[in-house]
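Below is one structure, written out as structure tokens, with a few remarks after it.
Residue numbers (the numbering used here): 0 to 536.
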């Protein structure tokens, strides 16, 4: 079989992704097989299906579309050298290639050049010091304003998230940063300028009316003040609409001697400086925020990798059983997990757990439950006893409004299935004699210290299997708001009752993806399939 691969150029750089799976998922979400970092790429954008020697690209209901050779497609068989684009023009570039095809020519990429220019720019900003970028811009603005106006000192105040002015930086005429987080002057002038948007230009405070109103400022020896709002121009969608300015702070200058502000050239220079300063300050502030977001995103990638490493391998089999599982978080990290392990007496155990909530808090509690459950299942006493111990541990921790639903079972060599359901979606047990739900157990874990759990024992025959899932499967919604439902899960199980657990799992996950095409994944999707087989000698 020829080797297939994708040559990818995106914000991360240039790399090669080999296609070694039957279904290769592509998107912006960290859990995809190929993660493509770009704003125009959907979280779950597309997938490539390997069908023998054929490779079929399918769009997964992405917002901005999937393109092959600049033609928007829903599904297309790929040929050697096809150029693929995910999202808008100018987005990531991808080329599909086969080892049996001719060598692909080096393609000039304007995107690579753009990324290089951006990288050079960011490197220059980082040279100022990531924590000092905004301060450097503020200092430059104040120094320039003092030089133009002839003022003795100046400061900048910026609006916080609530719209209140917050002191940022003060400088003197000799370009020295003044100490402290306040300024020896009244707050009345800058607050009035920020509220009204009207500047104070070269105001003489020695007049009788001014001296009464601003006596506190005059007491500091200040006689002349210039204060102007920092306005950021915001463009609106309609061509006939007016530009909407947004006030982000104030630039304040003062001194004991009158400067050059009465001249028209001085005022024009300061007003131009204030307008440009607003843009520069906002860009510096956005850059600082983007750096913080980038660090957070990197931490989330690491957390997702750790959480993925905590999951068992997708497939586990023994002399009398086969198990497969999958967990797809709706965010970078999730609150679902599946697990299976071998018990000291030779039996095997398996579980599916759904923690309340999403994101980092749920993921942390998931790691705790996974460790506690694994240790207590191996102690013995059966699934009910293990879940009761997990419940006690969580109740003692008293984590407010945090709980979990669980399904846990053990399977012996002779086909005896013992299981407990702690408030979880009842799994399907598919047997030759029919289908039933596994509901015996008790309430959710983590809230009630006196909760009791029951278990049931069922004799399985070779070929019988269990399909356990989280509510992210049954409650998955389509673009029209319809729920996937239990009936579709059962339909997939019955269609694949003679197939392998892997086929059933893939059928179910594919059905959910196709059903939810165009809709946002609202919850973690976790499935575990266990089948009892004939005992192999």
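Just so you know, even glycine gets a beta-carbon here, dropped at the ideal spot from N, CA and C.
Local Cβ density within 10 Å of residue 228, reported as buried at 16 or more and exposed below that: Within the chain shown, numbered from 1, the residue matching residue 228 stands at position 229. So residue 228 ends up on the buried side.
So residue 419 packs on residue 433, CB below 8 Å; how close in whole Å? Walking along the chain shown from the start, residue 419 turns up at place 420. Walking along the chain shown from the start, residue 433 turns up at place 434. Not confirmed; about 22 Å, so no contact.
Own chain, CB closer than 7 Å to residue 317, minus 5 neighbours either side, in chain order: As a first step, residue 317 must be located in the chain shown, where it is residue number 318. 347, listed in sequence order.
Reference residue 520; option with closest CA among 526, 497, 478 and 252: Here residue 520 corresponds to residue number 521 of the chain shown, with the count starting at 1. That would be 478, whose Cα lies nearest to the Cα of residue 520.
Please classify residue 71 as buried or exposed, where buried requires at least 16 other C-beta atoms within 10 Å of its C-beta. The sequence position of residue 71 within the chain shown is 72, counting from 1. By the neighbour-count rule (16 or more Cβ atoms within 10 Å), residue 71 is not buried but exposed.
Let's see if you can read the secondary structure: which residues bound the alpha helix (DSSP H) around residue 363? Locating residue 363 in the chain shown gives position 364, where the first residue counts as 1. That run of the alpha helix (DSSP H) goes 358-378.
According to the neighbour-count rule (16 or more other Cβ atoms, all chains shown, within 10 Å of its Cβ), is residue 344 buried or exposed? In the chain shown, residue 344 corresponds to position 345, counting from 1. It counts as exposed.
Sufficient close CB pairs (3 or more, under 8 Å) joining the segment 361-374 to the segment 297-311: yes
In whole angstroms, what separates the C-alpha of residue 532 from that of residue 405? The residue given as residue 532 occupies position 533 in the chain shown. The residue given as residue 405 occupies position 406 in the chain shown. So the two alpha carbons sit approximately 25 Å from each other.
Within a Cβ cutoff of 8 Å, which residues of the same chain sit near residue 7, ignoring the five residues on either side of it in sequence? For the purposes of this step, residue 7 is identified with residue 8 of the chain shown, where counting begins at 1. Correct list, in chain order: 13, 14, 15, 16, 33, 35, 91, 92 and 93.
Tell me which residues share the same chain as residue 431 and place their Cβ nearer than 8 Å to its Cβ, disregarding the 5 neighbours each side in the sequence. Locating residue 431 in the chain shown gives position 432, counting from the first residue. Scanning its chain for C-beta atoms nearer than 8 Å, with the 5 sequence neighbours on each side dropped, one finds around residue 431 the residues 460, 462 and 463, in chain order.
Rounded to the nearest angstrom, how far is the Cβ of residue 334 from that of residue 356, given a contact under 8 Å? Start at 1 with the first residue of the chain shown, and residue 334 comes out as number 335. Start at 1 with the first residue of the chain shown, and residue 356 comes out as number 357. Residue 334 to residue 356, Cβ: 6 Å. Contact.
Measuring only the C-alpha atoms, how far is residue 378 from residue 292? Residue numbering aside, residue 378 sits at position 379 when the chain shown is read from its first letter. Residue numbering aside, residue 292 sits at position 293 when the chain shown is read from its first letter. Between residue 378 and residue 292, the C-alpha separation is close to 43 Å.
Assuming residue 170 contacts residue 141 under a Cβ cut-off of 8 Å, what Cβ separation, rounded to an integer in Å, is found between them? Here residue 170 refers to the residue found at position 171 when the chain shown is read from its first residue. Here residue 141 refers to the residue found at position 142 when the chain shown is read from its first residue. The pair is a contact, with the Cβ atoms about 4 Å apart (cut-off 8 Å).
Using alpha carbons as the reference points, say which of 254, 425, 395 and 172 lies closest to residue 470. As a working mapping, residue 470 is identified with position 471 in the chain shown. Closest by alpha carbon: 425.
Of the residues 161, 177 and 84, the one placed nearest residue 168, counting alpha carbons only: The residue you call residue 168 lines up with position 169 of the chain shown. Its Cα nearest to that of residue 168, the residue 177 stands out among 161, 177 and 84.
Whole alpha helix (DSSP H) elements within the segment 32-77, 4-residue minimum: With a minimum length of 4 residues, there is no unbroken run of alpha helix (DSSP H) contained wholly in the segment 32-77.
Using 10 angstroms around the beta-carbon of residue 68, count the other beta-carbons present and answer buried if the total reaches 16, otherwise exposed. Mapped onto the chain shown, residue 68 falls at position 69. Residue 68 is exposed by the Cβ-count criterion.
With a Cβ-Cβ cutoff of 7 Å, do residue 525 and residue 337 count as a contact? Within the chain shown, residue 525 is the residue found at index 526, counting from 1. Within the chain shown, residue 337 is the residue found at index 338, counting from 1. Taking the C-beta atoms as reference points, residue 337 is found nearer than 7 Å to residue 525.
Does the distance from the C-beta atom of residue 87 to that of residue 39 stay below 7 Å? For the purposes of this step, residue 87 is taken as the residue at position 88 of the chain shown. For the purposes of this step, residue 39 is taken as the residue at position 40 of the chain shown. Yes, the pair counts as a contact, with Cβ atoms nearer than the cut-off.
Count the C-beta pairs between the segment 244-254 and the segment 148-164 that are closer than 8 Å, then say yes if the count reaches three, no if not. Touching, yes, given that three or more Cβ pairs across the two stretches are closer than 8 Å.
Closest to residue 19 by C-alpha separation, out of 4, 30 and 29, would be which residue? One-based indexing of the chain shown puts residue 19 at position 20. Comparing Cα positions, the closest option is 4.
Taking the straight line between their C-alpha atoms, what separation do you get for residue 474 and residue 481? Taking the chain shown and counting its residues from 1, one reaches residue 474 at position 475. Taking the chain shown and counting its residues from 1, one reaches residue 481 at position 482. About 9 Å.
If we ignore side chains and look at the alpha-carbon of each, how far apart do residue 416 and residue 496 end up? Taking the first residue of the chain shown as 1, we reach residue 416 at position 417. Taking the first residue of the chain shown as 1, we reach residue 496 at position 497. Each residue's Cα considered, the two are about 18 Å apart.
Going by C-alpha to C-alpha distance, which of 488, 352 and 408 sits closest to residue 457? Here the question's residue 457 lines up with position 458 in the chain shown. Comparing alpha carbon positions, the residue from 488, 352 and 408 closest to residue 457 is 408.
Could you spell out the range, first to last residue, of the alpha helix (DSSP H) harbouring residue 407? Mapped onto the chain shown, residue 407 falls at position 408. Looking at the DSSP string, residue 407 is not in any alpha helix (DSSP H); the run it does join, the beta strand (DSSP E), is 403-410.
Which residue or residues does DSSP assign as beta-bridge partners of residue 17? Working through the chain shown from its first residue, we reach residue 17 at position 18. Bridge partners of residue 17: 4.
Does residue 98 come out as helix, strand or coil in the three-state DSSP assignment? Here residue 98 is taken as the residue at index 99 of the chain shown, counted from 1. Coil, per DSSP.
On the CB-based measure, 16 or more other CB atoms within 10 Å of its CB, does residue 125 come out buried or exposed? Position 126 of the chain shown, counted from the start, is the residue given in the question as residue 125. Residue confidence is low: residue 125 scores 39 on pLDDT, short of 50, so the model does not pin down where it sits. Its coordinate-derived value is still stated next. The residue is exposed, with fewer than 16 neighbouring Cβ atoms inside 10 Å.
Cβ shell of residue 485 (< 7 Å), same chain only, five flanking positions each side left out: Position 486 of the chain shown, counted from the start, is the residue given in the question as residue 485. Non-local C-beta neighbours of residue 485 in its own chain, meaning closer than 7 Å and more than five positions away in sequence, comprise 473, ordered along the chain.
Just confirm the distance between the C-beta atoms of residue 29 and residue 46, as a whole number of angstroms; I'd bet it's less than 8 Å. As a working mapping, residue 29 is identified with position 30 in the chain shown. As a working mapping, residue 46 is identified with position 47 in the chain shown. Between residue 46 and residue 29 the Cβ distance is about 16 Å, and since that is not below 8 Å, they are no contact.
If I'm right that residue 65 touches residue 85 with Cβ under 8 Å, what's the distance once you round it to whole angstroms? Position 66 of the chain shown, counted from the start, is the residue given in the question as residue 65. Position 86 of the chain shown, counted from the start, is the residue given in the question as residue 85. The pair is a contact, with the Cβ atoms about 6 Å apart (cut-off 8 Å).
Is the distance from the Cβ of residue 376 to the Cβ of residue 383 below 7 Å? Against the chain shown, residue 376 aligns to sequence position 377. Against the chain shown, residue 383 aligns to sequence position 384. Contact: no.
Does the beta-carbon distance from residue 445 to residue 527 come in below 7 Å? Taking the first residue of the chain shown as 1, we reach residue 445 at position 446. Taking the first residue of the chain shown as 1, we reach residue 527 at position 528. Not in contact: residue 445 and residue 527 (Cβ atoms no closer than 7 Å).
Straight-line Cα distance separating residue 353 from residue 517: Within the chain shown, the letter at position 518 stands for residue 517. Within the chain shown, the letter at position 354 stands for residue 353. Cα to Cα, the separation comes out at about 25 Å.
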